[in-house]
Structure formats: C-alpha cells, structure tokens
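Residue numbering for the sequence shown follows numbering that gives the first Met the number 0, beginning at 0 and increasing consecutively.
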Amino acid sequence: MLKDLSLLIGLQELDLKIEKNGIKEKKLSSQIEGERKRVLELEENLLKKKEMLKHIQIERRNKERSIEEIDSLLAKHEEEKYKIKSNEEFAALEKEISQGEEEKNKAEDILLELMEREEGLDEELPVLEKESKQANKDCQEKERILRADLDSTIEQLKDLENNRKKNISQLNSVLFQRYKQLQKTRENPVVLSISNGICDGCNVKVPPSLVARVRRREEIVYCENCTRILYMNNS
Ligand SMILES: [Zn+2]
Numbered sequence: 000m001l002k003d004l005s006l007l008i009g010l011q012e013l014d015l016k017i018e019k020n021g022i023k024e025k026k027l028s029s030q031i032e033g034e035r036k037r038v039l040e041l042e043e044n045l046l047k048k049k050e051m052l053k054h055i056q057i058e059r060r061n062k063e064r065s066i067e068e069i070d071s072l073l074a075k076h077e078e079e080k081y082k083i084k085s086n087e088e089f090a091a092l093e094k095e096i097s098q099g100e101e102e103k104n105k106a107e108d109i110l111l112e113l114m115e116r117e118e119g120l121d122e123e124l125p126v127l128e129k130e131s132k133q134a135n136k137d138c139q140e141k142e143r144i145l146r147a148d149l150d151s152t153i154e155q156l157k158d159l160e161n162n163r164k165k166n167i168s169q170l171n172s173v174l175f176q177r178y179k180q181l182q183k184t185r186e187n188p189v190v191l192s193i194s195n196g197i198c199d200g201c202n203v204k205v206p207p208s209l210v211a212r213v214r215r216r217e218e219i220v221y222c223e224n225c226t227r228i229l230y231m232n233n234s
C-alpha cells in the first residue's frame, strides 16, 4: 500500500484513540471530583450541625439561668407580701409577680423547644458522623481505583502522542495539512474505506473510475462528494 496512505490510516487510528482517552481522562477526573465533593458536603453539614448544637446548648443554659433568676425573684416577692401594709403596695407587688410568672412561662416554652432541638441533634449527630466517615472511606477506595485507571489512561495518552509524532514526521506534510483540515470540517473518520462502491463517510456512490484508482493504491484519492480520503479495505 502507498506508504502515506498507511501512515494516514495509522495516524487516524491514533487520533481516535487519543480522543477516546482524552474523554476518559476528563470523565475519570470529574468522577474523582464528584466523590470528593460528596464527602466535603457531608463533612460541612456535620460541622454545621455540631456548631448548631453548641449554640443551642449555650442558649439552653442561658435560659435555665434566667428561669432560676426569675424563680428567686418570685420567691423574694412572696416573702415581701407579708411585710406589706398598704393595699396599693400589695397590688403593685401582685402585678410584678404575675409579670414574672408570665416571663417564666415564656422562658420555659423556649427552654422546652431548645431541649427538643438539642435532643434531636444528639440523636442525629452520631448517625451523620458515621455516614460521613463511611463516605470518606468509600471515597478513598473509589478514588484509589479511579486514580489507577486515570494514571494508566494518561500513560497511554503519552504513548499515543509519541507514536503520533513519529507518524507525522514520516508523513507528507501537505497530506497532513489536508488531513487536519478534513478533521476540522468533517465528522470522524476522515480516512475511510469504500464498501460496495459506496463511501463510508457520506454514503454516496463512488464512480467506478474513482474506485479503480483507489484499488490501484498508487495515489491518494478523495471522495468527490465529501472530500474524505478513500481506501480499499481488502482485495
Ligand atoms: Zn464521501
């Protein structure tokens, strides 16, 4: 076979493999990123909930303290009741007591709510912690496998690129430019065979005279319809 043609076919094979490996490389990289992102999201959520719990515990303790303060104030008022002489003073004290009790009720409602939230988080946190740890472990394992796959893909790409360079150095440069141009304007493959007298690229019948030229393998022949480079697979 014409040396340039076989070089071109080889080059195209390399280019298609390079393209495939490039896609695989991107896919593997994004899979690794995705795994890491998932673990990070779980860890961030866990941290957020831990902070929330801390905040609730502080709020709860503050509320307990203020209820204690209200309680001691109310106890003091109860004692004061017995020392009061006038009705007016008594009424004023009663008002203060009822205000204190109202305040205490409100504080107790909030305290109850805080305790419920605290309890919920106390139950939720160990589950999240476990989930996060497991995800981290799974991620490391998956990443190890993906990374090995990625490394070998990159290694293969290097070999393919080297072979491509070797191939191009032997190829007629005008033909190489033509091939590159075809790659830009036509869908792959751009070097292809004729089967049953039809161009595999555009599915249009190739005139018999052109088929004969392709068969002779003495020159590079282009499809008259799609301008792709033609060759005969066998015979
Ligand atoms: Zn064609």
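C-beta atoms are modelled at their ideal positions from N, C-alpha and C, and glycine is treated no differently.
Excluding sequence positions up to five before and after L145, its CB lies within less than 8 Å of the CB of L27, Q30, I31 and E34, all in the same chain and listed in chain order. Residue state for L10 is assigned as helix, using DSSP reduced to three classes. Within the model, the alpha-carbon separation for I22 versus I153 is close to 11 Å.
At a cut-off of 3 residues, not a single continuous stretch assigned as beta strand (DSSP E) sits fully inside the segment 79-121. In the structure shown, the three-state DSSP call for V190 is strand. E93 is the residue among E118, E93 and E115 whose C-alpha sits nearest the C-alpha of Y81. Contact between V189 and I228 holds, since their C-beta atoms are separated by about 6 Å, short of 8 Å. A direct Cα-to-Cα measurement between E24 and D158 gives close to 15 Å.
Annotation for I167: L10 and F175 place their beta carbon closer than 8 Å to its own, counting only its chain and skipping 5 residues before and after. The three-state reading of DSSP puts C198 in strand, counting E and B together. Contact check for L73 and I96: beta-carbon distance about 6 Å, within the 8 Å limit, so the pair qualifies. In this structure, R227 has its CB closer than 7 Å to one or more heavy atoms of ligand 1. For N195, the shortest C-beta to heavy atom distance toward ligand 1 is 7 Å or greater.
Proximity to I109 across I55, A91 and L156 peaks at I55, based on C-alpha coordinates. Note that the C-beta distance between D3 and L170 is below 8 Å. C138 has its CB no nearer than 7 Å to any heavy atom of ligand 1. In the structure shown, V220 falls within a strand segment according to DSSP collapsed to helix, strand and coil. Each residue's CA atom was taken as its position, placing L7 and N202 some 21 Å apart.
L145 carries a helical assignment under DSSP once its states are collapsed to helix, strand and coil. Not a single heavy atom of ligand 1 lies less than 7 Å from the C-beta of N187.
DSSP places L181 inside the alpha helix (DSSP H), whose first and last residues are S172 to T184. Cβ neighbours of A134 within its own chain (closer than 8 Å, five residues either side excluded): R37, V38 and L41.
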